[in-house]
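Chains as they are written, first to last, in this note's numbering: chain A, 74 to 432; chain B, 6 to 310; chain C, 39 to 545. Report on one structure; see the data block that follows.
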Amino acid sequence: MLRLEARPQPSQAMALVSPLIALVLTALMAAALFAALGKDPGRGLAVFFFEPLNGMRAVSEVLLKATPLITIALGLAVCYRSNVWNIGAEGQVLLGALAGGGVALWLTTQGIVLPKAVAVPLVLAGGVLGGMAWAAITALLRDRFNASEILVSLMLVYVAQQLVNFLVFGPWKDPAGFNFPQTKTFDASTWLPPLLSNTRLHVGIALALVVAAAMWVFMFRTYRGYQLQVGGLAPAAARYAGFSASASLWTALMISGGLAGLAGAMEVAGPLRQLTPHISTGLGFTAIIVCFVGRLHPLGIVLASVLLSMMLIGGELGQSRLGLPNALTGVFQGLLLILLLACDTLIHYRVRLARRIPA
Amino acid sequence: MNEIALLVAATLASGTPLALAGLGLLLNEKAGVLNLGAEGIMLVAAIAGFAAAFTTGSDTLAFAAGALAGGLLAAAFGGLVIWLNTNQYATGLAVSLFGYGFSAFVGVGYVGKKLAESSPFEVPLLADIPFLGPALFKHHPMVYLTIALALAIVWFLYRSRAGLVLRAIGEAPESAHALGYRVRWVRLAAVVAGGALCGVAGAFLSVVYAPLWVEGLVAGRGWIALALTTFATWRPLRVLLGAYLFGGVTMLQFALQGAGVNVASQLLAMLPYLATIVVLALISRNPAWIRINMPASLGKPFHPG
Amino acid sequence: MNPSLRLQLTGVSKQYPAVRANDRVDLRVKAGEIHAVLGENGAGKSTLMKIIYGAVQPDEGEIRWNGQAVTIASPAQARRLGISMVYQHFSLFDTLTAAENVWLGLDKSLTLPEVVRRIVEVAHTYGLDIEPQRPVHTLSVGERQRVEIVRALLTDPQLLILDEPTSVLTPQAVDKLFVTLRLLAERGCSILYISHKLDEIRSLCQHCTVLRGGKVTGEVDPTRESNASLSRLMIGAEPPQLLHKASQAGAPVLAVQGLSLPRQDQFGVDLEDIAFDVRAGEIVGVAGVSGNGQQELLAALSGEDQRAAPGSITLFGKPIGDHSPRHRRKEGLYFVPEERLGRGAVPTLSLAQNTLLTRTAAVSRSGWVRTRQVAELAEHIIARFQVKAGGPDAAAKSLSGGNLQKFIVGREIDAAPTLLIVSQPTWGVDVGAAALIRGELLALRDAGCALLVVSEELDELFEISDRLIVIAQGRMSPSVPTAEATIERIGVWMSGLWNRESVHAQA
C-alpha cells in the first residue's frame, strides 16, 4: 500500500524535475495513442517533438509561436501567484488584437503613414490598453461585487469572440474584400520589424524576453511582488501585514490583461497583418498550460513556451504528414497539464510504503 | 399566443442541460469539491453520446454512454484532487482543457453526420390542451426526468441521513473524519455522480437538443452551470429555476431576431454570457449571504490527520 | 491480569519519522475511575489518545479491554467497544442543529426523532442543558461542549475520554462539568481526563499517569501530590520561576474609549463601548472565554479591521482607529496574532522572507528588497531568541510550534515597539519556549514598552500581568490590579457579571 507523507520542507529538486517527468509520461501516452491509431509511434513522436526544430526556418516558426505564449503566460503567472484566477486571458488577447488592430486599421484607412518607430508602438500600446480594459471589467466585478473572476473572465471570452465576429463581419469588413469576413490588410508602416530575414520572426520575441526579465525582478525583488505572493499563499497573513487585497487584485489583473493584450496586438501586427475571425487559436488557454508547466516562473515559462509551441507546430505537421487530426495537440496539452499536477504532489509529499499492522 | 407557447417550450428544453449539469455540480459542491472541469466533462460526454446514438440509434444508450464518460472523467478528476490533493482550480481547468481537445479529436469523424430521425414525444391527452399542451407536454422524457431529479435531490439532501452526512462533510470534513466517516470516498461518490449528471447533460445537447456534433458544441454551458450553483445559493430547486431562466435568455436571442429586432446576430448571441455576468455580480454582492449558504470547505484541500 | 481494570495498555509505542511519540507506555484505568493523563505540549498525550480511540495504530504493545486483548482498528470499532471521545477542538457542524450533530455521531440506525428523545433524557439525567433544535452556530462555546458530551454519552460509553475540556470554560462552568463527570463515574463509566492543569487534576481525579517525552514518568494519586511534585514529574523540574519586578507604569500609551463595532460576519460578536488603557512599562492582561469578542477587539487594534471611529483608539493621544496595520507599525504598534501558520507567518516562505511581513527596513523607497539585509535580520532574530531552525532559509512550516512562536514573537519584540499586543503567547508551545517567551515579555515591559496580552490561560495572565481586564459578550470589565484579583472573581467576571459587585477603584 502506498501512502503519502508530508515533507517538512517543499522539495526544490522535485519542483524542477516534476515537469520533466510529466513530459516523459505524456510522450509515452502519445506513443501509445499513435500505435492505437495505426501509426508508427517513433515517427509520431519525431514529428511532434523533433521535426519542429529541424532547421533555421523551423526554429524561427517555433520562436514566432512562442512569443505570444511567453507574453501571456508571464501575466498569468502574476495572477496565479496572487491567487487571482484569470482564466479569460483568451478574451483579453482578442480585445488587444481588436484594439491594436483597430489602431492599425484606422491608420491604414486614413492613409496616415507614420515612421515605424511611432506607428508600431502606437499599435502595441493600443493592444495593451485594450487588454487592460477587458481585464478591468473582471477586476471591477470582483472588487466591488465579489463576483468570481473565474466565471466572469470566462464569460467575457465568449463575449469577446462574438465581438470579433461582429466587427469583422460588419462595420470593419473590407469593402474591397469580396465580402469575406476580414479587414483591409494593414499598411506596412504598422508591421512589427523583422528580426531574421527569410523568416517571419519579428522583434516581438526580443520584447517578450525583456518582459520575462522584468517580471522576474518584479516578482522576486520588489515589495509589491512580495505582497502579491503573500496574498496568494496566505490571505490572512497578507491582511495581518496590512497588504491591500484590492490593490493586489487590480495590479495582477492589469498586468495580466495588459500583457495578454500586447500579445494579441503582436499577433496582428506581426504574422497576421489584418483582422479575421481566426485571430486567436486558443493562445489564451494554451498560455495557461505554459504557465503551470513553467512553474509560474519567468525562466520556466520561456522554456515551456518553446515546448508547447513545438507541440502546436508538431500538431500541424502531424496533420499534413501523418494524416492525424490537428485536434490531437489539444489532447496532449491537456494530458501534459493533468500529469504535471499529479507529479507536483511529489513536491510536497513523499511516497512511502505503509507498514502492515501486526494483528 | 402560439409563439409564446413555443418560447416556453424552447426555454424548458434549453434549460434542461443546464439544470442537469447544475444539479450534478450541486452534489459536488455540497460535498466540498469544486469541479471546474464541468465544461470538459460535458464535451467528452456529448461526443460519447453522439457516437453511441449514431452507432446504435438508441437515445437511452446515448445517455448511458454520456453518463459513463462523464463519470469516468470525473473519477479521474476526483482521484487527483481528493487523494493527491492537487489544487482544485488548476485540476478542474486542466480537465476542461483536456476535454475540449479530446472531444474535438474523437469528434473529427462525426462532424456533419446526422442522427436517425426520432418521433416527437408527447404526453397523451395533456398534449392536446391549448397553449399548455405545446408549452409543457411535448417534451423529450429527459425534460421531465430532470424535474423529478431535482425533487429527488431535495429529498436526498434534506430528508435522508446519507444527505445529512454529505452536507456535514462539505461543511467540516475534519469533524466528519474525526467521527469516523470516510470523507474521501463520500466526496468521490459525489464527484462521480455529479460527473455522470454533467455527462447526461452533454449527451442531451448532442443527441436531443442540437442534435449534431461540432467542436466546442457545449459553448460554455458548463461554466454557466457553475455560475448557477452560486446563483441558486446551493439549493436544488433554485438551480432548476435558474437553469430555466438562463435557457430563456438563450432563447431570447432567437425570439428577438424572429421579431425583426434590428440588432446584429453576434451581439444577440452575447446575451446568455452577459446575463450570467450580471446575475453573478448581483448575487455575490452580499458576502455574508454567500457565506451562510456556501459549503464551508468548498475548494479547500482535505488532509486526513 | 486484574479483571476490574477497564482499560490496560502495556508497552505501547508509536514512532513517527522525526520523533518517538509514545515509548513503551503503560496505562491502567479501573472501572468507574477518573484517571488523569498529565503532560506538557508534545509529551505524547494526543498520540496516546488517538491510539485508544482507534484513529492511529501502535507499532508495538498490547491493549486489553475489560481483561480481553483487543486491536482497536478504527474509531467506529472503538465506539462499538464503548470508548467515546470529546475533542478539545469540537467536531461539530455549525449549520446543522444540535440534534443532527448528535445523530451523526451515532452508529446505530436510530431515527432523528428518537435521537431527540434520548438527548432530552440524557441531558436531564446529567444536568446538561441543551436545546436539540438549535443550530450549533448559535450556541456558546460551553453549550457546544455540552452537545459534544451528550453525543458521547448517547453511545453508552464505558470509557469517556476528555481532551483538555476546560480550556474554553469559565471557572464556574468547570465546576458544573466536574459534577457531571463525578456522576458519570459513580455510574460505572471510566473517565480519561487529559490536561496540563495541575489544580484541576488534583481536585477531580483519583489517579494520574504522567507522560514526558513519550515515556511514563510516574503513576500517582494526585490528591496526595502537590503542584510542585506533579510539575517535577511532568517537566523534570520545578516550574520555572519568572523574575517579576514590580511595575512602574508611566504615561498611557494606548487609550481605547467608546469602541463599538458591529460584527462583520454572522457568527461574530458585536463590540460594545469598550474602554481601557495601557501604560508604558506595564502588562495588561485580557482574560475571557474564547468567542467573547477577543478576535474582533484584536482586529480593531491591529488594524486588520479599520472600521473603528478614529478617536476610539488612540496611541499617545493620536487617533488611529481607521489606520492600516502598516501605518500602525510606523507609529510603534506591533502585534503577535494567535495563529502562527497562515497569519503570523506564511508556511511555505522562508524565515527570512517572513520577516518582510512586519519589518520593512530592508525595503528601499522605490520598493526594492535588499535580500542580504533581510537574511541578516532573520539570523539575528534566530540567534537572540534561541530559535531552533535550519537557518534563515528554512521554511516556516518546518519549525516546531514553540520555535516558530519564538521567531514570530521575537520578530515583533526586535522591532522595539512602544506598544506590543500579543494573543495567546504560549498556546501549544512547550514549557521551555513558553518560559522564554514570558521572560522576554517581562523584559520588554521593564524596558518601558506597554503590553496588552490576551490569553485564555488564566494562570499565565496571573503570572505576568500587572492589571487584569475581562472581555465578555463584547463588553469590557473595569480593570483590577492582579495582586487584588482572585481566580474566582475573574471567573465571575468572565460571565459578564462585573456590575453585580462593588467595584474597586481603578488602579
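Heads up, the beta-carbon is just placed ideally off N, CA and C, and yes, glycines get one too. Note that the structure is predicted; figures quoted are calculated from it, not measured.
Throw me the rounded Cβ distance for the B:GLY75 and B:GLY200 pair, which I believe falls under 8 Å.
-> Your numbering for residue 75 of chain B matches position 70 in the second sequence. Your numbering for residue 200 of chain B matches position 195 in the second sequence. With a Cβ gap of about 4 Å, B:GLY75 and B:GLY200 count as contacting.
Look up C:ASP308 in the DSSP assignment and say whether it is helix, strand or coil.
-> Position 270 of the third sequence, counted from the first residue, corresponds to residue 308 of chain C. Of the three classes helix, strand and coil, the one that applies to C:ASP308 here is coil, per DSSP.
How should C:ALA325 be labelled, buried or exposed, when 16 other C-beta atoms within 10 angstroms of its C-beta is the threshold for buried?
-> As a working mapping, residue 325 of chain C is identified with position 287 in the third sequence. Looking at its Cβ environment, which holds 16 or more other Cβ atoms inside 10 Å, C:ALA325 is buried.
Does the beta carbon of C:THR247 sit closer than 8 Å to a beta carbon anywhere in chain E?
-> The structure shown contains no chain E; the protein chains it does contain are A, B and C.
Proximity to C:LEU437 [Cα-Cα], best of C:VAL212, C:LEU379, C:ILE459 = Indexing the third sequence from 1 puts residue 437 of chain C at position 399. With distances taken between Cα atoms, C:LEU437 lies closest to C:LEU379.
Option nearest C:ARG366 by Cα separation, candidates C:GLN411, C:GLU377, C:LEU353, C:GLU376 | Numbered from its first residue, the third sequence carries residue 366 of chain C at position 328. Out of C:GLN411, C:GLU377, C:LEU353, C:GLU376, the CA that lies nearest to the CA of C:ARG366 is found in C:LEU353.
Okay, do the region 212-219 of chain C and the region 360-376 of chain C touch, 3+ Cβ pairs below 8 Å being the bar?
-> no
Nonlocal neighbours in the same chain, by C-beta distance under 6 Å from C:GLY512, ignoring five residues either side = Taking the first residue of the third sequence as 1, we reach residue 512 of chain C at position 474. The answer, listed in chain order, is VAL307, ASP308, LEU309, GLU310, GLY331.
If you count every other CB in all the chains shown that lies within 10 Å of the CB of C:GLU71, and 16 or more means buried, which is it?
-> Along the third sequence, one-based indexing puts residue 71 of chain C at 33. It is buried - the Cβ of C:GLU71 has at least 16 other Cβ atoms within 10 Å.
Would you mind telling me which residues of chain A sit closer than 7 Å to C:GLU342, beta carbon to beta carbon, in chain order?
-> Locating residue 342 of chain C in the third sequence gives position 304, where the first residue counts as 1. By Cβ distance, chain A contributes ARG312, TYR313.
Below-8 Å beta-carbon distance, C:SER129 vs any chain B residue = The count along the third sequence starts at 1 and reaches residue 129 of chain C at position 91. Yes, because at least one Cβ of chain B sits closer than 8 Å to the Cβ of C:SER129.
Applying a beta-carbon distance threshold of less than 7 Å, which residues of chain A neighbour C:GLU100?
-> As a working mapping, residue 100 of chain C is identified with position 62 in the third sequence. Contact of C:GLU100 with chain A by beta-carbon distance below 7 Å is absent, the smallest such distance being about 11 Å.
Under the three-state DSSP convention, the category A:TYR422 falls into = Residue mapping note: residue 422 of chain A aligns to position 349 of the first sequence, counting from 1. It is a strand residue.
Name the one or two DSSP bridge partners that B:SER63 has.
-> On the second sequence, residue 63 of chain B is found 58 positions in, with the first residue counted as 1. According to DSSP, which records beta bridges pairwise, B:SER63 is partnered with nothing at all.
With a cut-off of 8 Å on the beta carbons, I'd call C:VAL248 and C:GLY470 a contact; round off their distance for me.
-> Here residue 248 of chain C refers to the residue found at position 210 of the third sequence. Here residue 470 of chain C refers to the residue found at position 432 of the third sequence. Actually they do not touch by this definition, with Cβ atoms about 17 Å apart.
Near-chain C residues of the region 18-36 of chain B (beta-carbon distance less than 8 Å), N- to C-terminal order | Cβ contacts with chain C: none found.
Below 8 Å between beta carbons: does that hold for C:SER517 and C:ILE525?
-> Looking up residue 517 of chain C in the third sequence gives position 479. Looking up residue 525 of chain C in the third sequence gives position 487. No, they are not a contact pair.
To the nearest angstrom, report how far apart C:GLN126 and C:VAL185 are at their CA atoms.
-> Stepping through the third sequence from its first residue, residue 126 of chain C is reached at position 88. Stepping through the third sequence from its first residue, residue 185 of chain C is reached at position 147. When rounded, the distance between both Cα atoms is 13 Å.
For chain C, is any of its Cβ atoms less than 8 Å away from the one on A:ILE430?
-> The count along the first sequence starts at 1 and reaches residue 430 of chain A at position 357. Confidence is the limiting factor: at A:ILE430 the pLDDT is only 47, short of 50, which leaves the residue's position unreliable and the question unanswerable from this model.
Strand pairing of C:MET123, partner residues [DSSP] = The residue you call residue 123 of chain C lines up with position 85 of the third sequence. C:MET123 is bridged to C:ILE199.
Under 6 Å Cβ to Cβ from A:ILE160, same chain only, skipping five residues before and after it: list those, please.
-> As a first step, residue 160 of chain A is located in the first sequence; it is residue number 87 there, counting from the start. Only ILE223, SER226, LEU227 meet the Cβ criterion.
For a contact meaning CB atoms closer than 9 Å, what does A:ALA307 contact in chain C?
-> Within the first sequence, the letter at position 234 stands for residue 307 of chain A. Neighbours of A:ALA307 on chain C, chain order: LEU379, GLY380, ARG381, ALA383, VAL384, PRO385, THR386, LEU387.
Cβ distance (whole Å) where C:LEU142 is taken to contact B:LEU32 below 8 Å | If you number the third sequence from 1, residue 142 of chain C lands on position 104. If you number the second sequence from 1, residue 32 of chain B lands on position 27. Contact between C:LEU142 and B:LEU32 does not hold, since their C-beta atoms are separated by about 19 Å, which reaches or exceeds 8 Å.
State the DSSP-derived secondary structure class of C:HIS234, mapped to helix, strand or coil.
-> In the third sequence, residue 234 of chain C corresponds to position 196, counting from 1. Note: C:HIS234 maps to coil in three-state DSSP.
If we cut at 8 Å on Cβ distances, does B:TYR357 have a partner in chain A?
-> Chain B is shown only over 6 to 310; residue 357 of chain B falls outside these bounds and no answer can be derived.
List the residues of chain A whose Cβ lies closer than 8 Å to the Cβ of B:VAL113, in chain order.
-> As a position in the second sequence, residue 113 of chain B is number 108, starting the count at 1. Under the 8 Å cutoff, chain A gives PRO398, ALA400.
Within 8 Å of chain A by C-beta, residues of the region 390-408 of chain C in sequence order | Taking a C-beta cut-off of 8 Å against chain A, the contacting residues of the region 390-408 of chain C are GLN391, LEU394, LEU395, THR396, THR398, VAL401, GLY405, TRP406, VAL407, listed in chain order.
Contact between the region 199-208 of chain A and the region 394-402 of chain A: three or more CB pairs below 8 Å?
-> no
For the alpha helix (DSSP H) holding C:ASP497, just list the boundary residues, first then last.
-> Indexing the third sequence from 1 puts residue 497 of chain C at position 459. Unbroken alpha helix (DSSP H) run through C:ASP497: 496-502.
Buried versus exposed, by CB contacts within 10 Å (16 or more), A:TYR153 | Here residue 153 of chain A is taken as the residue at index 80 of the first sequence, counted from 1. Buried, by the Cβ-count rule.
Assign B:PHE55 to buried or exposed, taking buried as 16 or more other Cβ atoms, counted over all protein chains shown, within 10 Å of its Cβ.
-> Mapped onto the second sequence, residue 55 of chain B falls at position 50. Buried.
Cutoff 8 Å: B:ILE297 Cβ touching any chain A Cβ | Residue 297 of chain B sits at position 292 when you count from the first residue of the second sequence. At a cut-off of 8 Å, the C-beta of B:ILE297 has no neighbouring C-beta in chain A.
Determine whether the Cβ of C:ASP303 lies closer than 8 Å to any Cβ atom of chain B.
-> Your numbering for residue 303 of chain C matches position 265 in the third sequence. Taking Cβ atoms only, chain B reaches closer than 8 Å to C:ASP303, which makes this a yes.
What whole-angstrom Cβ distance do A:LEU326 and A:VAL157 have, given they're in contact under 8 Å?
-> Taking the first residue of the first sequence as 1, we reach residue 326 of chain A at position 253. Taking the first residue of the first sequence as 1, we reach residue 157 of chain A at position 84. Right, the Cβ-Cβ distance comes to about 6 Å (below 8 Å), so this counts as a contact.
Just the C-alpha distance for A:ALA177 and A:ILE278, rounded to the nearest angstrom, thanks.
-> The sequence position of residue 177 of chain A within the first sequence is 104, counting from 1. The sequence position of residue 278 of chain A within the first sequence is 205, counting from 1. Between the C-alpha atoms of A:ALA177 and A:ILE278 there is a straight-line separation of about 20 Å.
Going along the chain, which residues of its own chain have a beta-carbon closer than 6 Å to the beta-carbon of A:ALA139, five neighbours each way excluded?
-> Within the first sequence, residue 139 of chain A is the residue found at index 66, counting from 1. Excluding positions up to five away in sequence, the list reads SER378, VAL379, SER382.
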